[in-house]
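For the sequence shown, the numbering used here begins at -3 and goes up steadily by one. Note that CB positions come from ideal geometry on N, CA and C, so glycine has one too. Here the structure is a predicted model, which is why all the values come from computation and not from measurement.
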Amino acid sequence: MENRNIDDLRDYMSRYTEDIENTLRENLPEAPARLEKRFGEIAEAALFESRTRVRPYLTLLAAELVGGEPADVIPAAVVAEYVDAASNLFSSRSSVGIAVAVALLNASYPLVFVNHSDSPANGVRAHAEIVECVRGAGIVGSFEEQDSRSIESARLAGKEKSAAIVRLALRMGAILSGADYIELAALSRFAEHFGNASTLKSEFAIAGGDADSLRSQLEIKVEDAKKVLVEEFSASNARSCLIQLTDFLVS
């Protein structure tokens, strides 16, 4: 039976936190001269102010789950953070914010090839995952439709976007580590449940903890996510940490 001590997850995250933060900063896009100050401020706020990072660890754990080395995918582990920040900036409608968003997306694409010169095909597949996420989740362009959306449709769009970025984080780590289609399909199912649970957790927090139905839905999604991991992947430290991370959504 695998060890599900929450200290395992804390130790795992602390082991890679500095590398992740450094990688985020080292790969920030350069600002145009005329926008340098404002560009930098917006990028800093989007990526480093009040951020609780989970997605980079999903990439690392997915890599390890399918037999890869987490250290090899650290550059790729920041891609989902760039995509998420870009998504939020597109929604802001600020011209400078949109410029930063485009620059962040452009900076993310090459990162999947770092440390993978011996397996360029995996890099190409991971690159395609970014393109599909950005296109399919409506990250670019959806801000133009926001005024005509109902509150419910906007909520659903946000839920789909959150799940898509979680899916991107997981599948990139697995693809770069040589995952087969069965493993990728399982991770996609896990991502759907995990992403939906993350959205429900946010809604539950906004509701002040009084919404019993939201709590019940959240618990169901968390159990569904863990069930995928237990049924599709053998016991390992990576699986244990992913289960702990999923349990954290209902803590």
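* Enclosing alpha helix (DSSP H) for residue 93 [first to last residue] -> 91 to 104
* Please list, in chain order, all residues of the same chain as residue 174 whose beta carbon is under 8 angstroms from its beta carbon, the five residues on each side excluded. => So the qualifying residues of the chain are 62, 63, 64, 115 and 118.
* What's the call for residue 28, buried or exposed, on a 16-neighbour Cβ count within 10 Å? -> exposed
* Asked: Does DSSP put residue 52 in a helix, a strand or coil?
  -> helix
* Asked: Helix, strand or coil for residue 36 per DSSP?
  -> helix
* Along the alpha helix (DSSP H) that carries residue 119, what are the first and last residues, could you check? => 116 to 132
* **Beta-carbon contacts of residue 191 that lie in its chain and below 8 angstroms, excluding the five residues immediately before and after** => 155, 158, 159, 160, 161, 162 and 163
* Excluding the five sequence neighbours on either side, which residues of its own chain have a C-beta within less than 8 angstroms of the C-beta of residue 121, listed in chain order? -> 171
* Cutoff 7 angstroms; reference residue 189; Cβ partners in own chain excluding five residues on either side -> 217, 220, 221 and 224
* Asked: My guess is that residue 193 and residue 214 are in contact by the Cβ rule of under 8 angstroms, so how many angstroms apart are they, rounded?
  -> 6 angstroms
* Nearest to residue 78 by alpha carbon, out of 92, 165 and 131? -> 165
* **Beta-carbon proximity of residue 15 to residue 94, cut-off 8 angstroms** => no
* To do: Tell me whether residue 80 is buried or exposed, calling it buried when 16 or more other Cβ atoms sit within 10 Å of its Cβ.
  => buried
* Assigned exposure category for residue 37 - 16 Cβ within 10 Å defines buried -> exposed
* Cβ-Cβ separation, residue 76 to residue 51 (assumed contact under 8 angstroms), whole Å -> 4 angstroms
* To do: Please name the residue, chosen from 136, 229, 233 and 177, that lies closest to residue 84 on a Cα-to-Cα basis.
  => 136
* To do: Out of 227, 9 and 167, point me to the one whose CA is closest to residue 59's CA.
  => 167
* With a CB to CB cut of under 7 angstroms and the five nearest residues on each side skipped, what residues in its chain are close to residue 183? -> 58, 166, 167 and 170
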